[in-house]
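*Asks:* This is the structure I have questions about; it appears just below.
There are 4 protein chains.
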Amino acid sequence: IVTAPPNAKVKPPVKADVEVDLKGEYQLVSRAWKKEPTAVKIGDREIAEGKIFVIAGPCSVESREQILSAAKAVKEMGAHALRGGAFKPRTSPYSFQGLGEEGLKLLAEARSATGLPVVTEVMDGQDIPLVAKYADALQIGARNMQNFTLLKKLGKAGKPVLLKRGFGNTVDEWLAAAEYVALHGNGDVVLVERGIRTFDRTLRFTLDVGAIAYAKQATHLPVIGDPSHPAGDRRFVIPLALAILAAGADGLIVEVHPDPDKALSDAAQQLTFGQFGELMEKARALARALGKTLE
Amino acid sequence: IVTAPPNAKVKPPVKADVEVDLKGEYQLVSRAWKKEPTAVKIGDREIAEGKIFVIAGPCSVESREQILSAAKAVKEMGAHALRGGAFKPRTSPYSFQGLGEEGLKLLAEARSATGLPVVTEVMDGQDIPLVAKYADALQIGARNMQNFTLLKKLGKAGKPVLLKRGFGNTVDEWLAAAEYVALHGNGDVVLVERGIRTFDRTLRFTLDVGAIAYAKQATHLPVIGDPSHPAGDRRFVIPLALAILAAGADGLIVEVHPDPDKALSDAAQQLTFGQFGELMEKARALARALGKTLE
Amino acid sequence: IVTAPPNAKVKPPVKADVEVDLKGEYQLVSRAWKKEPTAVKIGDREIAEGKIFVIAGPCSVESREQILSAAKAVKEMGAHALRGGAFKPRTSPYSFQGLGEEGLKLLAEARSATGLPVVTEVMDGQDIPLVAKYADALQIGARNMQNFTLLKKLGKAGKPVLLKRGFGNTVDEWLAAAEYVALHGNGDVVLVERGIRTFDRTLRFTLDVGAIAYAKQATHLPVIGDPSHPAGDRRFVIPLALAILAAGADGLIVEVHPDPDKALSDAAQQLTFGQFGELMEKARALARALGKTLE
Amino acid sequence: IVTAPPNAKVKPPVKADVEVDLKGEYQLVSRAWKKEPTAVKIGDREIAEGKIFVIAGPCSVESREQILSAAKAVKEMGAHALRGGAFKPRTSPYSFQGLGEEGLKLLAEARSATGLPVVTEVMDGQDIPLVAKYADALQIGARNMQNFTLLKKLGKAGKPVLLKRGFGNTVDEWLAAAEYVALHGNGDVVLVERGIRTFDRTLRFTLDVGAIAYAKQATHLPVIGDPSHPAGDRRFVIPLALAILAAGADGLIVEVHPDPDKALSDAAQQLTFGQFGELMEKARALARALGKTLE
């Protein structure tokens, strides 16, 4: 999918074969440049328009038992991929920083056990080869959305990228960040809305469903939503997840933990297995009402 | 429904009959005080949990022909009440300020013609008797959400109140504003989320579906959403409307105009009749998926 | 100063005598329309460019002793006007709502005792005659900045207006609100920056010194700043006050209380007399450095 | 200055020698842990409380002539260090990305020519050795404030760090980011306030002087301000710079260009030499009024 815009101010890495005339800060990812929606393959399954793709799993990989238990449970309830953090970006240096490569190995083991492809975060360009060795898709966290060196290196990562929107970034900046990845060689980018910072701190972040509605028209890339971080509290995850789908998103990424209250990070917002089952049931009904499938 | 909280710091207008011990700034409107949801009657129909209530009509009443045409169209497509502004709060004194009482009379005529109850804005306490003479429900605009003199007078208005959330106000302030109305004698308050101001101006306002999810748990009052003002552009009204319902709202208030591009206010965001018909169809499917009715 | 813009879309209350051609939502208050700065007289003294005007006093009038004590103290330390709220806009109906007319009488008594003109808030159009009977200037609170009915009535109030910026309002909306007052007959408007709502709640509000710098170029009206509400904590009032002046403001409005910890409202942010003395000393040095006077 | 907090949840890189008991997310950088202000040496001069330190120069290094001309001009007018970007974080991949190492060499040449120490941005951990070879202090941009891998590596950089606040980050997050650098071995951190994202886009960002006032009390590290990025327009840079100093900052970092309108980045906000001279003159008068020196 990646070719170069003819009016790029920097030399593109690949040759142009399409004429575009856009004013904005992104071109390759624009619907004006490519009308039909792009499907991004994760493992052997696609995130694509018309089908709801669900990624679920714990915030952090904490132990072999925890990740295997979570993987089996979400698989059984219909998730299409497993999430779990091995490298964790934490506000304080005194918080749990993740298990690192040990966590990646446990994720790979969970994939073997369940068949679910694995999505996990990479925090730095130097870690891409390590993370790409174990993961099926590389997640870029909100705090790194404008880490441009990292974005450029993802162009050569050889794995699809889940690009979370920065909580202080506009929709245009998010699309321009995706453009960095695409322009440097990797068009397999999935956009993830996860809430922004606003004056209202009733919930942890303000989920911006308008950004989903807008992005679905502005770009051909898949757009999914994360209801867990804006909720910040598991009581609100299900309504936010349904709102994400109703606004037009192509999927969800949601935190689920075998015993949320004992989690080493994001304890308040992770769903129990029972709650995830309830979410999946409601999401299936909603998908049908929207003329989509969730299978 | 209105009785007084025992630990109110000011003398309540009515006698307390329930013991409460809340820390917050509101009590009468809290779910902790009253568990079962409150239904608010508008005309001869209720806004109530489990049923989707749709209010539709133009931003402003502009002419007899315009409001009658809009009323008939939205009635036919299934709306339950007619909206239309006669007193218009406008940022600039040089913008169209509404038809005033003439507009109220036209709304009443549209009610006679269609049977739809009428919802319209009141901007000042002194106008309550005039507006209440024609309207079935009084809308309080976002910019007046903390006009406390007005809120107190609404306690004696004798008509239900639609309280829009201020675009710079927290959810707690919104509920405390409802408490003013309830404490002064009028428990028939419907909360309306209509988008907040955030750093992202991609759309006109940021629709806060998290506020809907939270309010539905925090208060027993009905909560509805306005997709038109956050969208600011009719291309985004339908996905935002569906997200409002999926987040748990009890209804919608949406702008519809016979010829939006010629509207005297909010031209870009008003739906055509055709688009409103599409919205209603999708909303019905969604309501069923959510286990609710839209009839 | 008030005349009508020739391209106003509504009929202006007074006759036009100047040609203007502005694109914006305000005209009368624009520097493009009137180059020289406007001086607004409060009592027998002016708020005017080049001179720092200081308004000080308690958040609320609480008792005869309290307001007289505060008035004498701030007068002695160099304040030019006395502030104090008699009608209080409070988020919760259970908070202290002010002494009403009793408070106005006490303010008038404090004026008699000290010679300081009195600035106090009016919350509703119907109260303008009552408040104007006692006060030298009418303050419009942040929550009423877009109460357009009130703004229109202020055009006929016969007293200068201090217009606080709404915490959710843009600078252009603030100037358009001033335009309402001016267009309806009262050009004596002083703009007051008092902090806006942002994602950062470290202090109570985010003081927007950029708004002061911008407004000083965009309008000929005086612009002053309130350091107390953004600080929310008296430890930060002095640095914010100095930043307000350095950004170009024409004065300050600051909360001072004889015994802040016992205050019925805003206890944390009111200065002690000693702190106010320290502020005045630093403000005088700063005024000189800026080539202005504070006398 | 760097030692470890005894209650750190992760193993600190250095040994603890002080007892602290703080609840927050940072400890080493807290005033509760170290009362006296820290002075950070850049070249042969200190950023320290009581003395105003001024860093000036173009947004980007564009050519030998440009950077030498700017360095000489700002040196002559009293700047203490030279700024200039060689690695540029740009929203769009199609914007000028900086001259890279060529730019670093030109900065070193400008240092030789003027004696001014050089401050320049490093965008990625892998570039630290390269940038540290040429620069006297390493700037971390707003978009990288929570690039935790980079922050950890700065602990071993051997050069002082200027840590810009992210435009979507709270003050506590900013201090916790400084804690990462300090905990990993480098206590020479200077905090830089540069404006945050808010709903008001009148200026480019909202300068948060309250953050400066708060940070000066919360941390012993130096705090400086950047008036150029929040202004976004050179007409507002001087009032914002003065507000930064009045709020208590220890210095400024300001963009100055020989011919701003022709700049390859941030053209609108860079000062001309004449304007920078005017700023320095006003800043000197202000410093004296605040009881500080600017020499």
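Residue numbers (our numbering), protein chains in the order written: chain C, 507 to 801; chain F, 507 to 801; chain P, 507 to 801; chain E, 507 to 801. Backbone N, C-alpha and C fix where the C-beta goes; we use that ideal spot for every residue, glycine too.
Of the choices P/A648, P/Q603, P/L588 and P/G604, whose alpha-carbon is the least far from that of P/L622?
*Replies:* Counting from one through the third sequence, the residue named residue 622 of chain P turns up at place 116. Answer by Cα proximity: P/L588.
*Asks:* How far does the beta strand (DSSP E) with E/K547 in it extend, from its first residue to its last?
*Replies:* Translated into the one-based positions of the fourth sequence, residue 547 of chain E becomes position 41. Residues V546 to I548.
*Asks:* Taking Cβ positions only, does C/D714 come closer than 8 Å to chain F?
*Replies:* In the first sequence, the residue the question calls residue 714 of chain C occupies position 208. Yes, because at least one Cβ of chain F sits closer than 8 Å to the Cβ of C/D714.
*Asks:* Counting only beta-carbon separations shorter than 8 Å, does P/K515 have a partner in chain F?
*Replies:* Counting from 1 along the third sequence, the entry for residue 515 of chain P is found at position 9. Only weak support is given to the placement of P/K515: the predicted model assigns it a pLDDT of 45, under 50, and the question is left unresolved by the model.
*Asks:* Tell me which residues share the same chain as C/F779 and place their Cβ nearer than 6 Å to its Cβ, disregarding the 5 neighbours each side in the sequence.
*Replies:* In the first sequence, counting from the first residue as 1, residue 779 of chain C sits at position 273. So the qualifying residues of the chain are A579.
*Asks:* To the nearest whole angstrom, what separates the beta carbons of P/V628 and P/I634, a pair I think is in contact under 8 Å?
*Replies:* The residue labelled residue 628 of chain P in the question sits at position 122 within the third sequence. The residue labelled residue 634 of chain P in the question sits at position 128 within the third sequence. About 6 Å; that satisfies the 8 Å criterion.
*Asks:* Report yes or no: is there a C-beta of chain C within less than 8 Å of the C-beta of E/P519?
*Replies:* Your numbering for residue 519 of chain E matches position 13 in the fourth sequence. Note that E/P519 scores 41 on pLDDT, short of 50, meaning its location in the model is unreliable and no value can be drawn from it.
*Asks:* Taking a contact to mean a Cβ-Cβ separation below 8 Å, would you say C/D678 touches C/E699 in this structure?
*Replies:* Along the first sequence, read from residue 1 onward, the residue named residue 678 of chain C stands at position 172. Along the first sequence, read from residue 1 onward, the residue named residue 699 of chain C stands at position 193. The answer is no: Cβ separation not under 8 Å.
*Asks:* Using 8 Å as the limit for Cβ to Cβ distance, is P/F711 near chain F?
*Replies:* Position 205 of the third sequence, counting from 1, holds the residue named residue 711 of chain P. P/F711 does not count as touching chain F.
*Asks:* Spell out a yes or no on whether the segment 547 to 554 of chain C and the segment 697 to 711 of chain C are touching, meaning 3 or more CB-CB pairs, one atom from each, closer than 8 Å.
*Replies:* The segment 547 to 554 of chain C is not in contact with the segment 697 to 711 of chain C.
*Asks:* Please check if any C-beta of chain C sits within less than 8 Å of the C-beta of F/T597.
*Replies:* Residue mapping note: residue 597 of chain F aligns to position 91 of the second sequence, counting from 1. No, no contact with chain C.
*Asks:* Please decide whether E/A648 counts as near chain P, where near means a Cβ-Cβ distance under 8 Å.
*Replies:* Working through the fourth sequence from its first residue, we reach residue 648 of chain E at position 142. Closer than 8 Å: no.
*Asks:* Does C/D527 come out as helix, strand or coil in the three-state DSSP assignment?
*Replies:* As a first step, residue 527 of chain C must be located in the first sequence, where it is residue number 21. Residue placement at C/D527 cannot be trusted, given a pLDDT of 43 that sits under 50; what the coordinates show is reported in the next sentence. In this structure, C/D527 counts as coil in the three-state DSSP scheme.
*Asks:* When the Cα atoms are used, what is the spatial distance from P/K658 to E/A774?
*Replies:* Numbered from its first residue, the third sequence carries residue 658 of chain P at position 152. Numbered from its first residue, the fourth sequence carries residue 774 of chain E at position 268. Taking the straight line joining both Cα atoms gives about 38 Å.
*Asks:* Can you check whether the C-beta of E/T676 is within less than 8 Å of a C-beta belonging to chain F?
*Replies:* In the fourth sequence, counting from the first residue as 1, residue 676 of chain E sits at position 170. False, the Cβ-Cβ gap to chain F never drops below 8 Å.
*Asks:* Can you name the residues that DSSP bridges to E/E552?
*Replies:* In the fourth sequence, the residue the question calls residue 552 of chain E occupies position 46. Looking at the DSSP assignment, E/E552 forms a beta bridge with E/K547.
*Asks:* Please confirm if C/Y600 has its CB atom under 8 Å from at least one CB of chain E.
*Replies:* Working through the first sequence from its first residue, we reach residue 600 of chain C at position 94. Chain E contact via Cβ: present.
*Asks:* Would you report the Cα separation of P/H763 and P/I573, rounded to the nearest angstrom?
*Replies:* In the third sequence, counting from the first residue as 1, residue 763 of chain P sits at position 257. In the third sequence, counting from the first residue as 1, residue 573 of chain P sits at position 67. Cα-Cα distance, rounded: 8 Å.
*Asks:* For chain P, check one thing: does any of its Cβ atoms lie closer than 8 Å to the Cβ of C/F705?
*Replies:* For the purposes of this step, residue 705 of chain C is taken as the residue at position 199 of the first sequence. Taking Cβ atoms only, chain P reaches closer than 8 Å to C/F705, which makes this a yes.
*Asks:* Which residues, in chain order, does the segment 623 to 650 of chain C contribute to contact with chain E at a C-beta distance below 7 Å?
*Replies:* Per Cβ criterion, the list reads M629, D630, G631, Q632, R649 and N650.
*Asks:* Shorter than 8 Å from the beta carbon of F/N653 to some beta carbon of chain P?
*Replies:* Start at 1 with the first residue of the second sequence, and residue 653 of chain F comes out as number 147. Yes - at least one Cβ of chain P is within 8 Å of the one on F/N653.
*Asks:* What did DSSP end up calling C/Q645 once you bin it into helix, strand or coil?
*Replies:* Counting from one through the first sequence, the residue named residue 645 of chain C turns up at place 139. It is a strand residue.
*Asks:* Can the beta-carbon of C/L758 be found less than 8 Å from the beta-carbon of C/P733?
*Replies:* If you number the first sequence from 1, residue 758 of chain C lands on position 252. If you number the first sequence from 1, residue 733 of chain C lands on position 227. It is a contact, given that the beta carbons lie within the stated cut-off.
*Asks:* Is the segment 681 to 699 of chain C touching the segment 596 to 606 of chain E in the sense that three or more CB pairs, one from each, lie closer than 8 Å?
*Replies:* Segments in contact, yes.
*Asks:* Within 8 Å (strictly less), CB to CB, does E/L821 reach chain C?
*Replies:* The shown model of chain E, from 507 to 801, leaves out residue 821 of chain E, and the question about it has no answer.
*Asks:* Using beta-carbon positions only, say whether E/P745 and P/A719 come within less than 8 Å of one another.
*Replies:* The residue you call residue 745 of chain E lines up with position 239 of the fourth sequence. The residue you call residue 719 of chain P lines up with position 213 of the third sequence. Contact flag set, yes.
*Asks:* Using a C-beta to C-beta distance shorter than 8 Å, which residues of chain F count as neighbours of P/A682?
*Replies:* In the third sequence, counting from the first residue as 1, residue 682 of chain P sits at position 176. Chain F residues near P/A682: T597, S598 and P599.
*Asks:* Identify whether E/S734 lies in helix, strand or coil by the three-state DSSP scheme.
*Replies:* Sequence index remark: in the fourth sequence, residue 734 of chain E carries index 228 (1-based). Looking at E/S734 - three-state DSSP - the assignment turns out to be helix.
*Asks:* Measuring CB to CB, does F/Q723 end up less than 8 Å from F/P564?
*Replies:* Locating residue 723 of chain F in the second sequence gives position 217, counting from the first residue. Locating residue 564 of chain F in the second sequence gives position 58, counting from the first residue. The answer is no: Cβ separation not under 8 Å.
*Asks:* In the DSSP assignment, what residue or residues form a beta bridge with F/F493?
*Replies:* Outside the displayed range of chain F (507 to 801) lies residue 493 of chain F, so it cannot be described from this structure.
*Asks:* Please classify P/S566: does DSSP put it in a helix, a strand, or coil?
*Replies:* One-based indexing of the third sequence puts residue 566 of chain P at position 60. Strand at P/S566.
*Asks:* Name, please, each residue of chain E whose Cβ falls closer than 8 Å to the Cβ of P/L751.
*Replies:* Taking the first residue of the third sequence as position 1, residue 751 of chain P is located at position 245. Within chain E, the residues near P/L751 are A752.
*Asks:* One question on the structure: do E/L751 and E/I558 come within less than 8 Å of each other, judged by their Cβ atoms?
*Replies:* As a working note, residue 751 of chain E is residue 245 in the fourth sequence. As a working note, residue 558 of chain E is residue 52 in the fourth sequence. Yes, Cβ-Cβ distance for E/L751 and E/I558 is below 8 Å.
*Asks:* Could you give the uninterrupted runs of the beta strand (DSSP E) lying entirely in the segment 624 to 684 of chain C, keeping only those of 3 residues or more?
*Replies:* Listed in chain order, the complete beta strand (DSSP E) runs (minimum 3 residues) inside the segment 624 to 684 of chain C are 624 to 627, 643 to 646 and 667 to 670.
*Asks:* Quick one: is P/L454 near chain F, going by C-beta distance under 8 Å?
*Replies:* Here chain P comprises residues numbered 507 to 801, so residue 454 of chain P is not present and cannot be evaluated.
*Asks:* Straight-line CA distance for C/L636 to F/K788?
*Replies:* Locating residue 636 of chain C in the first sequence gives position 130, where the first residue counts as 1. Locating residue 788 of chain F in the second sequence gives position 282, where the first residue counts as 1. The straight-line gap from Cα to Cα measures roughly 46 Å.
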